[in-house]
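Just below is one structure, and these are the notes that go with it.
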Amino acid sequence: MKSSAAKKPRQQLSAFGAYFRHELKKNRRGMIIILLILVLAAVLVVFIIEPISDEDGKRKSPVIQFAFSLIDEDQSIIGEVLTESFLKTKYISAIYDDDLPTALRRLDDGETAMAMRIPSNLFEDVQHGSVQPVDIWLSPIMKTDVARFSSLIRQYALSLNLIHSTAFGFQRVYLNLTGDEDASWKETSRHAVDTITSLIERDSFLTEDSEPPFRLFAHASAGIMILVALLPGIVILVQTSRLNNTALEDRILLSCGSTIPIISRLLTGFIWWLVLSVPPLITMKIMASHLTIYPAAIVLVGIFLAMSMAMIALGRAEIPTVTVFQLGWGIFFALVLTGGILYPTVLFPDWLRTAFSFSPLYYAMRVVYRTVMAVQVTTGDVLLALWSLPPALLLCVIKGRRRV
């Protein structure tokens with residue numbers, strides 16, 4: 001009895017090795033070809049594109065930066081002071097001295113986030129006690145940055161009015177001290193603008209560790225890495241569905257048991273994940289050595305496991321093979337859409353973004369994107385991105401195993 005009991009695990013291990021080698025042999029050629037292509041592409045990227053140094057990576061922190069047009073037809077003192085002071089802040093990348101048509105064209109082309117027009121005869125109106133509004137146009141394209149910037153304007157609207165009225169109330173004092181009206185207006189304007197810029201610099205709404213701004217290249221890079229992490233799940237679906245309820249599967253289950261085929265497919269899929277995901281991760285680390293890629297790597301492995309286990313359960317469904325493939329690809333594209341991979345969720349309405357936050361890939365995309373943008377990722381963020389693993393494991397255990 002003891003000899004028979006000891007022999008059974010040995011037989012199962014031998015059967016597992018034979019089955020795994022058979023599965024690996026069927027995929028070996030494709031793995032080698034794709035690996036060579038990805039390695040060649042990675043080498044070309046490393047040699048063609050200049051790597052980002054540690055100092056550059058730290059200096060180019062993902063703070064929100066705006067470029068805007070300043071329409072100052074009178075070439076007033078306030079326009080000069082605004083340009084001089086705002087260019088010193090880290091949130092302003094450029095200020096263009098434009099006329100109104102040019103400023104609106106820049107807005108439509110996405111070059112600027114805002115255009116601001118200083119009223120003509122501003123100082124004369126202030127001296128007589130009249131008030132003219134400062135016209136502001138916001139970009140219809142840069143929706144994410146504009147939303148944050150407009151929130152900042154609303155947040156400090158009252159403070160700006162108080163600073164404006166108080167500072168210009170002391171203009172007469174400056175005039176009495178200097179005797180130069182132009183100098184008094186210039187110093188008063190400089191004081192008001194410096195106070196505003198100091199408030200903006202201290203503002204916690206735009207801290208470096210907050211949500212990073214939208215960058216197309218970073219979003220595309222994060223999306224591609226998530227896509228390639230999902231693809232091995234489709235390979236596993238094909239393997240499972242083709243063998244489901246066949247005589248060959250009956251013989252495999254009788255010789256190996258119901259667990260070994262699942263483990264073998266997951267291992268084959270993991271090798272596919274290594275082939276598809278590791279070259280981009282290594283390339284990203286070489287190109288930007290200051291990045292910490294471990295959170296993204298952990299999340300990508302979690303995505304692969306959750307997708308693979310769900311596809312194993314789907315491959316066991318008692319429906320035609322063509323329908324299984326259609327459902328598999330349908331789930332794939334639904335995850336890609338709701339996870340914000342094809343289109344960033346920050347540009348969706350609030351109610352739709354809240355609904356999509358329950359998607360398995362929503363927080364995964366957030367972690368990978370923050371990793372690419374060199375923003376700190378906490379352990380809580382990683383765990384939240386892996387919430388789909390337990391349900392996928394339970395589904396695989398219940399629906400993915402078949403006994404003969």
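Residue 318 in my numbering sits at position 318 of the sequence shown; the count goes up by one each step and never skips.
All C-beta atoms in this analysis are idealised placements derived from N, C-alpha and C, irrespective of residue type, glycine included.
- Only residues of its own chain outside the window of five on either side were considered, and among them 365, 368, 369, 372 have a CB closer than 7 Å to the CB of residue 222, listed in chain order.
- Distance between residue 389 and residue 93, taken at the CA atoms: about 42 Å.
- Judged by beta-carbon spacing, residue 297 lies beyond the 8 Å limit of residue 276, meaning their Cβ atoms are not closer than that value.
- Judged by beta-carbon spacing, residue 309 lies beyond the 8 Å limit of residue 254, meaning their Cβ atoms are not closer than that value.
- Put simply, the backbone Cα of residue 338 is about 45 Å away from that of residue 119.
- Listed in chain order, the non-local C-beta contacts of residue 67 below 6 Å within the same chain comprise 93, 94, 112, local neighbours out to five positions each way being set aside.
- Here the alpha carbons of residue 238 and residue 20 stand approximately 16 Å from one another.
- Residue 328 sits close to residue 314, with the two beta carbons spaced by under 8 Å.
- Closest in alpha carbon position to residue 312, among 341, 393, 336, is 393.
- The C-alpha of residue 349 lies about 11 Å from the C-alpha of residue 356.
- By the Cβ neighbour-count rule, residue 106 is buried, with 16 or more other Cβ atoms within 10 Å of its own.
- Residue 340 sits buried, since 16 or more C-beta atoms from the chains shown fall within 10 Å of its C-beta.
- Distance between residue 83 and residue 33, taken at the CA atoms: about 56 Å.
- Burial check for residue 138: the Cβ neighbour count within 10 Å reaches 16 or more, so the residue is buried.
- By the C-beta density criterion, residue 13 is exposed, having fewer than 16 other C-beta atoms within 10 angstroms.
- If only complete runs of 4 or more residues are kept, the stretch 234-258 shows the alpha helix (DSSP H) at 247-256, in order along the chain.
- Shown here, residue 331 sits in a helix according to DSSP, grouped into three states.
- For residue 386, the closest alpha carbon among the candidates 30, 397, 399, 359 is that of 359.
- A direct Cα-Cα distance of roughly 30 Å separates residue 16 from residue 326.
- Here residue 219 is buried, its C-beta having at least 16 other C-beta atoms within 10 Å.
- Collapsing the DSSP output to three states places residue 221 in a helix.
- In the DSSP annotation of this structure, residue 97 is not part of any alpha helix (DSSP H); the continuous beta strand (DSSP E) holding it starts and ends at 92-97.
- Pairing residue 258 with residue 29 gives a Cβ-Cβ distance that is not under 8 Å.
- Listed in chain order, the non-local C-beta contacts of residue 362 below 6 Å within the same chain comprise 339, 356, local neighbours out to five positions each way being set aside.
- In chain order, 23, 236, 239, 240, 308, 312 place their CB closer than 8 Å to the CB of residue 265, counting only its own chain and leaving out the 5 sequence neighbours on each side.
- With a threshold of 16 other beta carbon atoms within 10 Å, residue 234 meets it and is buried.
- Residue 42 sits in a helix when the DSSP states are folded into three classes.
- Residue 336 counts as buried, since at least 16 other C-beta atoms from the protein chains shown sit within 10 angstroms of its C-beta.
- According to DSSP, residue 138 shares a beta bridge with 114.
- Residues of the same chain with a CB within less than 8 Å of the CB of residue 269, apart from the 5 flanking positions on each side, are 232, 233, 235, 236, 304, 308 in chain order.
- Taking 8 Å as the cut-off, the Cβ atoms of residue 31 and residue 226 do not count as close.
- If you draw a straight line from the Cα of residue 299 to the Cα of residue 274, it is about 14 Å long.
- Look at residue 342 here: in three-state DSSP terms it is coil, with no helix or strand label.
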